[in-house]
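Colleague: In this text, residue positions in the sequence shown follow my numbering: the first is 1, and each later residue adds one.
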Amino acid sequence: MISSVTQEDPAGCAIACVAAVLRTSYRSAKRLFECPEHASSRGFYCREIVHALNKKQAGYTFSKVSEKNKQLLKEMGCIVFIEKSRKYPLGHFLVKTKKGWMNPWINFPSITPAQSGFQQKLPGKPKWVIENFGVNTPAFRPKFSISKTRLSRRGA
1 MISSVTQEDP AGCAIACVAA VLRTSYRSAK RLFECPEHAS SRGFYCREIV HALNKKQAGY
61 TFSKVSEKNK QLLKEMGCIV FIEKSRKYPL GHFLVKTKKG WMNPWINFPS ITPAQSGFQQ
121 KLPGKPKWVI ENFGVNTPAF RPKFSISKTR LSRRGA
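1. List the endpoints of the continuous beta strand (DSSP E) containing Val50.
2. With a CB to CB cut of under 8 Å and the five nearest residues on each side skipped, what residues in its chain are close to Trp128?
3. Is any beta-carbon of chain B found at less than 7 Å from that of Trp105?
4. Take the Cβ of Leu22 as the centre, count every other Cβ of all protein chains shown within 10 Å, and call the residue buried at 16 or more, exposed below.
5. By Cβ distance below 7 Å, which residues in the same chain neighbour Ala16 in space, the five residues on each side in sequence not counted?
6. What's the call for Ala29, buried or exposed, on a 16-neighbour Cβ count within 10 Å?
7. Would you kindly work out how many angstroms separate the C-alpha atoms of Ile111 and Met76, rounded to a whole number?
8. Quick check on Gln119: does DSSP put it in helix, strand or coil?
9. Note the first and the last residue of the continuous alpha helix (DSSP H) segment covering Ser28.
10. I'd like to confirm the pairing. Which residues does DSSP put opposite Ile82 in its beta bridges?
11. With 16 other CB atoms within 10 Å as the buried threshold, where does Cys13 fall?
Rendered as structure tokens:
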């Protein structure tokens, strides 16, 4: 089960989400990022988060949320970036869990102290989704696979 992890930096929601998905501490997850100082300024892009996740668990990728892939938002353990808004001026990352959405800074903008928690609905419009193709989404695995003897098409 994914636990709630509180972000410890002003723009550290991505780190907290990585910590939650990997079931590790915020500090351990922060060490997976090549430029951890971004947690105090601009935050992180999906590519940087995927790179950090893949250091521990292969198979993560990201895509822009669209009508075609919006069902990915229902997958446990996916990390979602919601658009910039009045409430979240830089945007915000959350993780899908059995308890709902794990929000690493649920009491934003209060930072003394910041608190994490679970909420039933996303607090904004989803823009990007990070998920693990190897574990969560068999329906979105490539339709072609290479075997030692031949190229086969899944489902054919």
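We put the CB at the ideal spot given by N, CA and C, even for glycine. Values in this document were obtained by computation on a predicted structure and should not be read as measured data.
Modeller: Taking the geometry as given:
1. Where Val50 is concerned, there is no enclosing beta strand (DSSP E), although the alpha helix (DSSP H) it sits in stretches over 46-56.
2. Cys46, Phe62, Ser63, Lys64, Val65, Val80, Phe81
3. No chain B appears in the structure shown, which is made up of a single protein chain.
4. buried
5. Val5, Thr6, Gln7, Tyr26, Pro104, Ser116
6. buried
7. 28 Å
8. strand
9. 26-30
10. His92, Pro126
11. buried
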